[in-house]
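Numbering (our numbering), first residue to last: 1069 to 1462.
Cβ coordinates follow ideal geometry from the N, Cα and C atoms, glycine included.
In this text the structure is predicted, and so the values were computed from the model without any measurement.
Below is one structure, written out as structure tokens, with a few remarks after it.
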């Protein structure tokens, strides 16, 4: 664990200290408590990693460490990393000498590959700016597990929703389309079929099973709807709207109604079409379909909130609960990268709505209509798509 004394240049160290603490660099005058050290290690491990500088006061004053301090700290770090952090981690230490007298120990902690991490008291810690905080809410703990693909929201059972809530005829038609045979030909019982498809768990329909196939999904999942509003304005400051709906039902119905709502509130361009034609929407239907499908399938179902669709005079906004998962960025998704946040929902959706599930939806939407902007707001935990209305209709 002990690193080379000369890996970090003293000038580089001084520059980091001069900039002050941030989410990647933490200063400690000294550390004596294994619990305090474990909390710092857990927070860095649950994020993208970082460094603890020991021998530096909070205000950036360099105190330095004695040889005995370094020996004691190495033992403390080793024991804490193996015994007080679960699962165990392997930090690297490095000692940097400044002005031939003051020594600062740097503890380098990588972003963990076995997330989520917790301390020996069962507490999950995450970075919050230059500080750390406990993760206490059930939803946030679930998201930590989700990031490591240990749990997916769409596979969680929904309390109070059982096989009796299933729209059996609708599911049977889906089963026939997907497998090419009637459900009656299957040798297994209906509950076993649903269980094998990750649509039933603990005798309850999962979130996927409920959203896709329940008779009334929003009876137990009231937040998972689309709130749609159209305004003859540029923002939400007005209380006058042209159209407003709470769109609910099975996922396929929500998809169709949401697309229809947006198109109904857009201008339609006649172009070269005949006088009796309804015209072409100013924003191509294909782009709208791709973005609505992505919103419904890739939203964060650990967040009990609704998708919002706003049609303004100059743009259309689709606002999704949950920022982009893991290390995905806007540039990534524009290049076709994807991260399957809701794998069960995604695997069945292409039999019910125009969705291909191979990371190409954003590319297709942009190819049909390049006037689209994306905002990944991690602070507010949302993802917003804006389609600009550029057609000038006379």
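Those runs of the beta strand (DSSP E) which lie wholly inside the segment 1174-1224 and span at least 3 residues: Counting only unbroken stretches of 3 or more residues, the beta strand (DSSP E) elements lying wholly within the segment 1174-1224 are 1192-1196 and 1199-1203, in sequence order.
How long is the line joining the alpha carbons of residue 1417 and residue 1242, rounded to whole angstroms? Between residue 1417 and residue 1242, the C-alpha separation is close to 10 Å.
Less than 8 Å between C-beta atoms, sequence neighbours within five positions excluded: which residues of the same chain meet that for residue 1301? Around residue 1301: 1308, 1380 and 1381.
For residue 1469, which residues of its own chain have a beta-carbon under 8 Å away from its beta-carbon, when the five flanking residues on both sides are left out? Not covered by the structure: residue 1469. The range shown for the chain is 1069 to 1462.
Taking the beta strand (DSSP E) that residue 1295 falls in, what are its first and last residues? Its beta strand (DSSP E) spans residues 1294-1298.
Cβ shell of residue 1444 (< 6 Å), same chain only, five flanking positions each side left out: Residues 1391, 1392, 1398 and 1451 of the same chain have their beta carbon placed closer than 6 Å to that of residue 1444, with the five preceding and five following residues left out of the count.
Excluding five sequence neighbours on each side, which residues of the same chain lie with their C-beta closer than 6 Å to the C-beta of residue 1087? There are no such residues.
The segment 1249-1266 in contact with the segment 1188-1204 per 3-pair CB rule at 8 Å: Three or more beta-carbon pairs separated by less than 8 Å are not found between the segment 1249-1266 and the segment 1188-1204, which leaves the two stretches without contact.
Quick one: grab the DSSP three-state call for residue 1282. Residue 1282: strand per DSSP, three-state reduction.
Should residue 1072 be labelled buried (16 or more other beta-carbon atoms within 10 Å of its own) or exposed? Confidence at residue 1072 is low in this model, with a pLDDT of 41, below 50, so its placement is unreliable and the value that follows should be read with caution. Answer is exposed; the Cβ neighbour count stays below 16.
Where do the N-terminal and C-terminal ends of the alpha helix (DSSP H) with residue 1117 fall, by residue? For residue 1117, there is no enclosing alpha helix (DSSP H); the residue is found in the beta strand (DSSP E) stretching over 1117-1122.
Kindly list the residues whose CB is nearer than 7 Å to the CB of residue 1458, restricted to its own chain and excluding five residues on each side of it in sequence; keep chain order. These residues qualify, in order along the chain: 1439.
Just the C-alpha distance for residue 1460 and residue 1330, rounded to the nearest angstrom, thanks. Confidence at residue 1460 is low in this model, with a pLDDT of 48, below 50, so its placement is unreliable and the value that follows should be read with caution. If I take the Cα positions, the gap works out to 18 Å.
What does the alpha-carbon distance come out to for the pair residue 1336 and residue 1120? C-alpha separation (whole angstroms): 59 Å.
Round the Cβ separation of residue 1102 and residue 1161 to the nearest angstrom and send it over; I've been treating them as touching at under 8 Å. Between the beta-carbon of residue 1102 and that of residue 1161 there is about 15 Å, and that puts the pair past the 8 Å contact cut.
What does residue 1445 pair with, by DSSP beta-bridge criteria? Bridge partners of residue 1445: 1450.
Do residue 1353 and residue 1456 have their C-beta atoms within less than 8 Å of each other? Cβ distance not < 8 Å, so residue 1353 and residue 1456 don't count as in contact.
Per the DSSP calculation, residue 1242 is bridged to which residue(s)? According to DSSP, residue 1242 bridges with nothing at all.
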